[in-house]
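Enquirer:
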Amino acid sequence: MTLEISGLKVSIGGKEILRGVDLGLAAGRVHGLAGESGSGKTMTGLAVLGLLPHGARASGTVRLGERDLLALPAKELNRVRGGEVAMVFQDPATSLHPMLTIGRQLTEHMRHHLRLGRTEAKERAVELLGKVRIPGPAQAYGRFPHQFSGGMRQRIAIAIALACSPKVLIADEPTTALDVTVQAGVLRLLRGLCDELGLAVLLVTHDLGVMSAVADEVSVMKDGLVVESGPRGRVLREPAHAYTRSLLGSLPGAGTAEPGGPGDPGGPGAGPAPEGER
Amino acid sequence: MPDKEDPPAPRPRRVAHPLARFLIRRLLLAVLMAWGITLVTFVLTNLVPGDPVAANLGQRALGDPAIVAQWRAEHGLDKPLWQQYLIHLQGLVQGDLGTSQQSHRPVAQDLAEYVPATLELAGAAILVSLVLGVAFGVVAALRRDRLPDHALRVLSLVGISVPTFWLALVAFYVFFYRLQLTPGSGRVDAALGSAPPVTGLQTVDALLAGRWDIFSSAAGHLVTPALVLALYTIGLLTRFTRSAVLEVLGQDYVRAARAKGLPGRTILFRYVLRSALVPIITVAGLAFGSLLSGTVLVEAIFAWPGIGQYAYKSATTLDLPAVMGVGLVVGVVYLVINLIVDVLYGVIDPRVRLQ
Chain A
1 MTLEISGLKV SIGGKEILRG VDLGLAAGRV HGLAGESGSG KTMTGLAVLG
51 LLPHGARASG TVRLGERDLL ALPAKELNRV RGGEVAMVFQ DPATSLHPML
101 TIGRQLTEHM RHHLRLGRTE AKERAVELLG KVRIPGPAQA YGRFPHQFSG
151 GMRQRIAIAI ALACSPKVLI ADEPTTALDV TVQAGVLRLL RGLCDELGLA
201 VLLVTHDLGV MSAVADEVSV MKDGLVVESG PRGRVLREPA HAYTRSLLGS
251 LPGAGTAEPG GPGDPGGPGA GPAPEGER
Chain B
1 MPDKEDPPAP RPRRVAHPLA RFLIRRLLLA VLMAWGITLV TFVLTNLVPG
51 DPVAANLGQR ALGDPAIVAQ WRAEHGLDKP LWQQYLIHLQ GLVQGDLGTS
101 QQSHRPVAQD LAEYVPATLE LAGAAILVSL VLGVAFGVVA ALRRDRLPDH
151 ALRVLSLVGI SVPTFWLALV AFYVFFYRLQ LTPGSGRVDA ALGSAPPVTG
201 LQTVDALLAG RWDIFSSAAG HLVTPALVLA LYTIGLLTRF TRSAVLEVLG
251 QDYVRAARAK GLPGRTILFR YVLRSALVPI ITVAGLAFGS LLSGTVLVEA
301 IFAWPGIGQY AYKSATTLDL PAVMGVGLVV GVVYLVINLI VDVLYGVIDP
351 RVRLQ
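Written as structure tokens, this is what we have:
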């Protein structure tokens with residue numbers, strides 16, 4: 001396991017948000033984390049990097065190699081953030097600074113973490129923009145976020161996350177704010193990068209269609225606890241827990257426990273077919 | 001619905017840098033506004049109920065219609081109002097603001113003497129309030145709900161609610177009369193003379209002339225009135241900066257910056273302050289306008305020979321050319337502040353300049 005979360009508890013103002021979450025992320029695998037809003041899946045992602053909101057307390061362990069991220073001093077945690085564990089947020093319209101160029105936001109942490117020079121960082125940034133398929137990467141480098149579409153901004157956010165070659169990528173609802181036609185492209189990109197770079201990906205989503213398209217493992221959360229966890233095929237086809245069954249049953253065109261039917265844009269029809277890739 | 005035809009593609013032409021185009025647009029607008037200011041000051045000044053003749057001529061001269069008519073003709077008051085305005089405008093273009101009926105000197109010359117004193121005072125107050133106000137606001141936001149925040153809240157409340165004239169009197173009494181920490185009224189010790197005027201700002205002129213004695217005296221005279229004048233703006237900016245910074249701290253891109261592992265200082269200056277500056281400079285621009293009106297009181301109490309005193313004297317004697325001159329100067333200062341604020345928006349926020 002590249003990243004191992006165990007017994008993670010988070011409370012805000014005396015209220016327990018997470019009640020002992022266990023999760024493992026492995027290199028080259030996408031771990032999908034599902035659950036309705038308020039179930040604590042986003043908090044799990046934030047807790048890993050110590051980005052919890054003002055006044056929140058976390059306990060338990062988050063193991064990255066030999067280290068426990070929850071016990072790390074601020075300075076060392078800052079080296080892990082962006083360097084070894086990177087994050088992609090839900091809405092690229094708000095997660096990129098509107099007044100800084102794409103180039104600045106792509107290179108600043110490279111220069112900080114990897115101690116790259118200006119020109120080296122720029123070369124690498126342009127290469128990354130090409131890798132996430134931004135047309136005209138050299139020109140895009142000097143532009144501002146508002147000059148790109150939503151899908152492109154999320155690709156840029158992914159490029160930023162990958163800039164320092166992290167081992168772990170936490171993607172918090174990376175396609176939720178995007179147009180359905182753009183979702184598939186971003187998911188395909190994430191899956192491709194995971195396979196190519198051997199990333200351990202935690203994909204937080206409430207969309208089981210998205211989940212069935214790209215995840216290798218699936219965990220289902222409810223009320224701050226993981227209620228079911230396992231390989232995608234088993235969890236989505238033969239759910240053991242009643243809550244998973246009800247989640248699957250609430251999909252449009254429900255009745256069958258098979259998500260990703262014809263009307264589902266995030267389903268296998270639109271997204272990559274993971275089976276075919278291996 | 002039938003689609004409209006696309007307009008023909010514009011021919012390629014040389015396009016100026018976006019920031020330059022933005023600047024040119026703003027400057028043209030400013031010129032238009034300046035013309036508007038001349039019109040408004042002229043109309044308002046002439047609407048004032050009160051006869052400049054009565055204010056300027058003695059009781060006996062007023063009884064003699066010939067003298068009154070002659071005085072009116074001398075000052076161009078016998079012509080129709082629109083002609084008076086055109087003459088006024090023509091003079092303005094040539095830098096002629098008319099002749100003061102009180103000092104019998106060109107208004108432009110009077111202003112050249114009084115304006116620098118006020119600029120020095122107001123400029124120092126603006127500088128102090130920007131530096132302290134923003135710094136206090138940032139500290140209050142970062143130490144939210146802790147001791148520094150509470151202390152600064154009290155300070156800013158005091159700054160906002162205490163009337164300037166009262167503060168000026170108290171400061172004068174305490175620091176000069178009681179503690180004798182600061183020099184009294186005026187701009188500089190009369191015994192030292194003054195540095196050869198270059199900018200009209202005593203501190204700068206003294207530095208230019210290398211006269212340290214004059215500089216320290218001028219700076220000493222400047223401290224109390226400038227602080228008194230600045231306290232309101234400091235309080236205001238502290239409050240606004242605090243809420244602006246708190247707002248930005250909650251933004252997704254700040255969390256994203258933290259997720260990138262950037263050092264705290266970089267996040268504060270590059271991510272937080274940059275965004276927070278937009279509302280801050282909006283308020284600062286407005287506050288500096290009101291700071292100018294505060295100078296009238298502060299100048300009166302500290303005997304500061306500035307435009308506030310001049311305006312007061314001219315208004316009470318219905319010296320219309322002088323009043324219009326002051327109105328014009330204040331209007332133009334507002335205009336310049338607004339222009340600076342607009343340009344700063346463009347510099348800070350690419351979405352403004354790339355429209």
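As given, the protein sequences belong to chains A and B, one line each in that order. For the first sequence, the working numbering assigns the number 1 to the initial residue and increments by one for each residue that follows. For the second sequence, the working numbering assigns the number 1 to the initial residue and increments by one for each residue that follows. We put the CB at the ideal spot given by N, CA and C, even for glycine.
For Q83(B) and A284(B), what's the separation of their Cα atoms in angstroms?
Expert: On the second sequence, residue 83(B) is found 83 positions in, with the first residue counted as 1. On the second sequence, residue 284(B) is found 284 positions in, with the first residue counted as 1. About 39 Å.
Enquirer: Closer than 8 Å, CB to CB, is I267(B) near chain A or not?
Expert: Stepping through the second sequence from its first residue, residue 267(B) is reached at position 267. Chain A contact via Cβ: absent.
Enquirer: Which same chain residues, not among the five before or five after T279(A), have their C-beta less than 8 Å away from its C-beta?
Expert: The structure shown has nothing for residue 279(A), since chain A only spans 1 to 278.
Enquirer: Along the segment 100 to 117 of chain A, where does the CB come closer than 9 Å to a CB of chain B? Name the residues.
Expert: Answer set for the segment 100 to 117 of chain A: L100, T101, R104, Q105, E108, H109, H112 and H113.
Enquirer: According to DSSP, I280(B) sits in a beta bridge with which residue or residues?
Expert: On the second sequence, residue 280(B) is found 280 positions in, with the first residue counted as 1. In DSSP, I280(B) forms no bridge with anything.
Enquirer: Is there a Cβ from chain A that is less than 8 Å from the Cβ of R255(B)?
Expert: Along the second sequence, read from residue 1 onward, the residue named residue 255(B) stands at position 255. Closer than 8 Å to some Cβ of chain A, the Cβ of R255(B) qualifies, so yes.
Enquirer: With a threshold of 8 Å between beta-carbons, can T256(A) be considered close to chain B, or not?
Expert: Looking up residue 256(A) in the first sequence gives position 256. Reliability fails at T256(A), whose pLDDT of 47 lies under 50, so the model's placement of it is uncertain and no value is given.
Enquirer: Once you ignore the five residues that flank I17(A) on each side, which residues in its own chain have a CB closer than 7 Å to its CB?
Expert: Against the first sequence, residue 17(A) aligns to sequence position 17. Answer for I17(A): V10, S11, G40, M43 and G224, listed in chain order.
Enquirer: Got a sec: which bits of the segment 178 to 192 of chain A sit with their beta carbon under 7 Å from any beta carbon on chain B, in order along the chain?
Expert: Within the segment 178 to 192 of chain A, no residue qualifies.
Enquirer: In whole angstroms, what separates the C-alpha of K222(A) from that of A93(A)?
Expert: Translated into the one-based positions of the first sequence, residue 222(A) becomes position 222. Translated into the one-based positions of the first sequence, residue 93(A) becomes position 93. Using only the alpha carbons, I get a separation of about 28 Å.
Enquirer: Starting from A74(A), trace the beta strand (DSSP E) in both directions and tell me its first and last residue.
Expert: Working through the first sequence from its first residue, we reach residue 74(A) at position 74. Segment A74 to V80 is the alpha helix (DSSP H) holding A74(A); no beta strand (DSSP E) there.
Enquirer: Leaving out five residues on either side along the sequence, give the residues of the same chain with a beta carbon under 6 Å from the beta carbon of T164(B).
Expert: Locating residue 164(B) in the second sequence gives position 164, counting from the first residue. These residues qualify, in order along the chain: G294 and L297.
Enquirer: Residue range of the beta strand (DSSP E) that T104(B) falls in?
Expert: Within the second sequence, residue 104(B) is the residue found at index 104, counting from 1. Here residue 104(B) turns out to be His, not Thr, going by the sequence shown. No beta strand (DSSP E) holds H104(B); DSSP gives it neither H nor E.
Enquirer: Could you tell me whether the Cβ of M152(A) comes closer than 8 Å to any Cβ of chain B?
Expert: Numbered from 1 along the first sequence, position 152 holds the residue referred to as residue 152(A). No, M152(A) lies away from the interface with chain B (no Cβ there is under 8 Å from its Cβ).
Enquirer: Flag D91(A) as yes if its beta-carbon sits less than 8 Å from any beta-carbon of chain B, otherwise no.
Expert: Position 91 of the first sequence, counted from the start, is the residue given in the question as residue 91(A). Output row for D91(A): interface = yes.
Enquirer: Compare the beta carbon distance of A141(B) and R242(B) with 8 Å and say whether it is the shorter of the two.
Expert: The count along the second sequence starts at 1 and reaches residue 141(B) at position 141. The count along the second sequence starts at 1 and reaches residue 242(B) at position 242. Yes.
Enquirer: Assuming D179(A) and G209(A) form a contact by the criterion Cβ under 8 Å, report the distance between their Cβ atoms to the nearest whole angstrom.
Expert: Taking the first residue of the first sequence as 1, we reach residue 179(A) at position 179. Taking the first residue of the first sequence as 1, we reach residue 209(A) at position 209. Going by Cβ atoms, the distance from D179(A) to G209(A) rounds to 15 Å, so no, they are not a contact pair.
Enquirer: Rounded to whole angstroms, what is the Cα-Cα separation between L227(B) and S129(B)?
Expert: In the second sequence, residue 227(B) corresponds to position 227, counting from 1. In the second sequence, residue 129(B) corresponds to position 129, counting from 1. Spanning the two alpha carbons is a distance of roughly 8 Å.
Enquirer: Return the first residue and the last residue of the beta strand (DSSP E) that R19(A) is part of.
Expert: Residue 19(A) sits at position 19 when you count from the first residue of the first sequence. R19(A) -> beta strand (DSSP E) spans K15 to L25.
Enquirer: Would you give the residue range spanned by the beta strand (DSSP E) that G7(A) belongs to?
Expert: Working through the first sequence from its first residue, we reach residue 7(A) at position 7. Where G7(A) is concerned, the enclosing beta strand (DSSP E) stretches over L3 to I12.
Enquirer: Starting from L33(A), trace the beta strand (DSSP E) in both directions and tell me its first and last residue.
Expert: In the first sequence, residue 33(A) corresponds to position 33, counting from 1. Taken as a continuous stretch (DSSP letters only), the beta strand (DSSP E) holding L33(A) covers V30 to A34.
Enquirer: Along the chain, where does the alpha helix (DSSP H) containing I134(A) start, and where does it finish?
Expert: Working through the first sequence from its first residue, we reach residue 134(A) at position 134. Taken as a continuous stretch (DSSP letters only), I134(A) belongs to no alpha helix (DSSP H), as it is neither H nor E.
Enquirer: When you compare each of G20(A), G7(A), S6(A) and A27(A) to D169(A) by their alpha carbons, which one comes out closest?
Expert: As a position in the first sequence, residue 169(A) is number 169, starting the count at 1. The question names Asp, yet the displayed sequence has Leu at residue 169(A). Residue A27(A) is the option with its Cα nearest to L169(A).
Enquirer: Below 8 Å, can you find three or more Cβ-Cβ pairs linking the segment 49 to 65 of chain A to the segment 245 to 259 of chain B?
Expert: Touching, yes, given that three or more Cβ pairs across the two stretches are closer than 8 Å.
Enquirer: Just tell me which of T176(A), P135(A) and G20(A) has its CA closest to the CA of D91(A).
Expert: As a first step, residue 91(A) is located in the first sequence; it is residue number 91 there, counting from the start. Measuring from the Cα of D91(A), the nearest candidate turns out to be T176(A).
Enquirer: Output yes or no for whether 8 Å exceeds the beta carbon distance between P321(B) and S103(B).
Expert: To locate residue 321(B), count along the second sequence from 1; it is residue 321. To locate residue 103(B), count along the second sequence from 1; it is residue 103. Contact: no.
Enquirer: Our contact map puts S156(B) next to T238(B) with C-beta atoms below 8 Å; I'd like the distance itself, whole angstroms only.
Expert: Counting from one through the second sequence, the residue named residue 156(B) turns up at place 156. Counting from one through the second sequence, the residue named residue 238(B) turns up at place 238. Right, their Cβ atoms sit about 4 Å apart.
Enquirer: Determine the extent of the alpha helix (DSSP H) in which R245(A) is found, giving its start and end residues.
Expert: On the first sequence, position 245 is the one that residue 245(A) refers to. A242 to G249 is the extent of the alpha helix (DSSP H) around R245(A).
Enquirer: With DSSP run on the structure shown, which of helix, strand or coil describes A177(A)?
Expert: As a first step, residue 177(A) must be located in the first sequence, where it is residue number 177. In this structure, A177(A) counts as coil in the three-state DSSP scheme.
Enquirer: Do the segment 218 to 237 of chain B and the segment 176 to 194 of chain B touch if we need at least three Cβ pairs shorter than 8 Å?
Expert: The segment 218 to 237 of chain B vs the segment 176 to 194 of chain B: in contact.
Enquirer: Going by C-alpha distance, which of E4(A), P252(A) and A242(A) is nearest G279(A)?
Expert: Limits of chain A in this structure are 1 at one end and 278 at the other, which puts residue 279(A) out of reach.
Enquirer: For the alpha helix (DSSP H) holding S243(B), just list the boundary residues, first then last.
Expert: As a first step, residue 243(B) is located in the second sequence; it is residue number 243 there, counting from the start. Unbroken alpha helix (DSSP H) run through S243(B): W212 to L249.
Enquirer: Does the segment 112 to 119 of chain A touch the segment 52 to 61 of chain A, meaning 3 or more C-beta pairs lie closer than 8 Å?
Expert: They do not touch, by the three-pair rule.
Enquirer: Could you tell me whether the Cβ atoms of L236(A) and S219(A) are closer together than 8 Å?
Expert: One-based indexing of the first sequence puts residue 236(A) at position 236. One-based indexing of the first sequence puts residue 219(A) at position 219. Against a cut-off of 8 Å, the Cβ pair of S219(A) and L236(A) comes out as no contact.
Enquirer: Return the chain-ordered list of same chain residues with a C-beta closer than 8 Å to the C-beta of P231(A), the five sequence neighbours on each side being excluded.
Expert: Counting from one through the first sequence, the residue named residue 231(A) turns up at place 231. Closer than 8 Å at the Cβ level, and outside the excluded window around P231(A), lie D216, E217 and V218.
Enquirer: May I ask which residues mark the beginning and end of the beta strand (DSSP E) holding D172(A)?
Expert: The count along the first sequence starts at 1 and reaches residue 172(A) at position 172. Note, D172(A): beta strand (DSSP E), V168 to D172.
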